[in-house]
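Here the structure is laid out as structure tokens; the discussion comes afterwards.
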Amino acid sequence: MFDHIAFPIPYQTLQRAGTVQLDLKRLDLIHPHISGNKFFKLKYNLLKAKQQGCNTLLTFGGAFSNHIAATAYAAHAFGFQSIGLIRGEELATQALNPTLQTAHDLGMHLHFVSRAEYRLRHETAYLQQLQQRYPQALIIPEGGTNALALQGTQEILTEDDRENYDVICCAVGTGGTIAGIIESSSEQQQVLGFSALKGDFLQQEIQQWTNKQNWSLTDAYCCGGYARTSPELLQFMQQFEQQYAIPLEQVYTAKMMMGLFDLIQQRYFPENTRILAIHTGGLQGKLKTY
Ligand SMILES: *Cc1c(COP(=O)(O)O)cnc(C)c1O
Numbered sequence: 028m029f030d031h032i033a034f035p036i037p038y039q040t041l042q043r044a045g046t047v048q049l050d051l052k053r054l055d056l057i058h059p060h061i062s063g064n065k066f067f068k069l070k071y072n073l074l075k076a077k078q079q080g081c082n083t084l085l086t087f088g089g090a091f092s093n094h095i096a097a098t099a100y101a102a103h104a105f106g107f108q109s110i111g112l113i114r115g116e117e118l119a120t121q122a123l124n125p126t127l128q129t130a131h132d133l134g135m136h137l138h139f140v141s142r143a144e145y146r147l148r149h150e151t152a153y154l155q156q157l158q159q160r161y162p163q164a165l166i167i168p169e170g171g172t173n174a175l176a177l178q179g180t181q182e183i184l185t186e187d188d189r190e191n192y193d194v195i196c197c198a199v200g201t202g203g204t205i206a207g208i209i210e211s212s213s214e215q216q217q218v219l220g221f222s223a224l225k226g227d228f229l230q231q232e233i234q235q236w237t238n239k240q241n242w243s244l245t246d247a248y249c250c251g252g253y254a255r256t257s258p259e260l261l262q263f264m265q266q267f268e269q270q271y272a273i274p275l276e277q278v279y280t281a282k283m284m285m286g287l288f289d290l291i292q293q294r295y296f297p298e299n300t301r302i303l304a305i306h307t308g309g310l311q312g313k314l315k316t317y
């Protein structure tokens with residue numbers, strides 16, 4: 028079922044000498060549309076949908092959501108219909124942005140819902156209503172994070188990754204990706220999350236998926252909040268891309284790399300630490316002009 032996906036996943040060394048060794052695991056290269064971590068999050072959801080005879084994937088997201096883009100593409104590629112409940116009813120009367128246009132072109136039915144309705148997206152009663160309305164749909168939460176997603180994100184690290192690295196870094200949105208990485212990491216490893224948004228609540232979100240302690244989270248590089256940017260971030264992103272010829276995007280991966288470079292420069296990591304940073308993709312949402 029997953030022969031669209033390019034394995035094995037390429038690695039790229041950014042720094043071999045100096046104070047640390049830094050490699051990047053390029054999940055962004057596994058598929059042009061079902062990007063990076065979103066493939067791992069969808070994988071077992073797609074299998075369950077097939078097994079249960081569902082004909083539709085229904086999920087939630089904001090107007091720029093990489094998860095909406097990935098779900099629309101996956102549904103199209105694997106033979107499901109798809110429904111996207113998109114935050115903001117005002118969007119219904121506006122031209123579609125590139126993310127939503129692509130989702131629409133792939134056949135996703137876009138339903139624009141009020142912020143009040145969108146807030147119900149985790150409520151059991153609301154989800155039951157949706158399930159009654161769409162009995163053939165597999166309902167996947169916002170950002171794709173559920174138990175099946177965790178099963179998938181535990182496959183991001185390989186046996187070699189557990190042996191060859193001391194620190195694993197990844198960008199954090201809902202926490203499903205880092206939780207799978209933590210669960211599948213070795214006891215000796217440290218997992219470091221760079222939050223794309225502000226606040227401590229994510230700490231609890233992650234804790235609900237893992238009992239392990241070998242991880243930490245920082246929001247020091249989130250530039251004030253989700254999808255916010257700063258001149259410093261955009262400049263970092265541009266310089267990084269020029270130096271390494273690796274594309275980043277401003278919502279997740281640029282914040283992670285900026286944070287990681289800052290910590291390396293501050294000598295936060297002991298000499299010769301072997302670091303693996305996960306490039307989680309998301310390039311469909313990249314700012315085109317900066
Ligand atoms: C969605 C996304 C994340 C965050 O993943 P979570 O599992 O929600 O924490 C990180 N990076 C990119 C590029 C993403 O699209």
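With this note's numbering, the residue at position 252 of the sequence shown is 279, and numbering never jumps.
Backbone N, C-alpha and C define an ideal beta-carbon position, used for all residues, glycine too.
Residue interval of the beta strand (DSSP E) (run including residue i)
i, result
"His-306", "300–306"
"Phe-139", "135–140"
"Ile-166", "164–167"
Inter-residue Cα distance where the pair is residue i and residue j
i, j, result
"Tyr-253", "Gly-106", "32 Å"
"Gln-292", "Thr-46", "9 Å"
"Leu-74", "Leu-224", "31 Å"
"Arg-148", "Gln-156", "11 Å"
"Ala-174", "Thr-201", "13 Å"
"Gly-251", "Gly-80", "43 Å"
"Phe-29", "Glu-276", "26 Å"
"Ala-247", "Phe-221", "8 Å"
"Pro-59", "Gly-308", "9 Å"
"Phe-296", "Gln-78", "45 Å"
"Gly-89", "Ile-183", "25 Å"
"Leu-219", "Ile-61", "24 Å"
"Lys-315", "Val-278", "13 Å"
"Phe-228", "Trp-236", "14 Å"
"Glu-268", "Arg-294", "23 Å"
"Asn-82", "Gln-48", "46 Å"
"Met-283", "Ser-211", "20 Å"
"Leu-287", "Asn-299", "15 Å"
"Tyr-19", "Ser-243", "Here the chain covers residues 28 to 317 and nothing more, so residue 19 does not appear."
"Lys-313", "Thr-280", "10 Å"
"Glu-150", "Leu-123", "28 Å"
"Glu-214", "Asn-241", "7 Å"
"Asn-238", "Gln-231", "11 Å"
"Gln-234", "Leu-303", "22 Å"
"Ser-9", "Cys-249", "Absent from the structure is residue 9, since the part of the chain shown begins at 28 and ends at 317."
"Gln-262", "Ala-76", "42 Å"
"Arg-255", "Gln-159", "37 Å"
Residues that DSSP places opposite residue i in a beta bridge
i, result
"Asp-188", "Answer is none; Asp-188 lacks a bridge partner."
"Cys-249", "Answer is none; Cys-249 lacks a bridge partner."
"Asp-50", "Thr-40 and Leu-303"
"Cys-197", "Gly-220"
"Gly-111", "Thr-86 and Leu-137"
"Trp-242", "Val-218"
Rounded distance between the beta-carbons of residue j and residue i, thought under 8 Å
i, j, result
"Ile-113", "Phe-139", "5 Å"
"Thr-204", "Asn-72", "Going by Cβ atoms, the distance from Thr-204 to Asn-72 rounds to 14 Å, so no, they are not a contact pair."
"Thr-126", "Gln-311", "6 Å"
"Tyr-100", "Leu-133", "6 Å"
"Glu-116", "Ser-92", "Glu-116 to Ser-92, Cβ: 16 Å. No contact."
"Gly-111", "Ala-130", "6 Å"
"Gly-171", "His-94", "5 Å"
"Thr-185", "Gly-207", "With 8 Å as the limit, Thr-185 and Gly-207 do not qualify as a contact, their Cβ atoms being about 13 Å apart."
"Ile-195", "Gln-178", "Between Gln-178 and Ile-195 the Cβ distance is about 18 Å, and since that is not below 8 Å, they are no contact."
"Ala-176", "Leu-85", "Not quite, the Cβ-Cβ distance comes to about 15 Å (not below 8 Å), so this is no contact."
"Ile-36", "Phe-66", "Rounded, the Cβ-Cβ distance is 10 Å, inconsistent with contact."
"Ile-273", "Gln-42", "13 Å between Cβ atoms; not a contact."
"Glu-169", "Phe-87", "4 Å"
"His-306", "Leu-118", "Contact doesn't hold; Cβ gap of about 29 Å is too wide."
Delimiting residues of the alpha helix (DSSP H) encompassing residue i
i, result
"Phe-105", "93–105"
"Ser-211", "203–211"
"Leu-154", "151–160"
"Ile-233", "228–234"
"Gly-63", "63–78"
"Ala-272", "No alpha helix (DSSP H) holds Ala-272; DSSP gives it neither H nor E."
"Ala-281", "280–292"
"Pro-125", "125–132"
"Ala-33", "Here Ala-33 belongs to no alpha helix (DSSP H), and DSSP marks it neither H nor E."
"Thr-120", "From DSSP, Thr-120 is part of no alpha helix (DSSP H); its letter is neither H nor E."
"Leu-177", "174–180"
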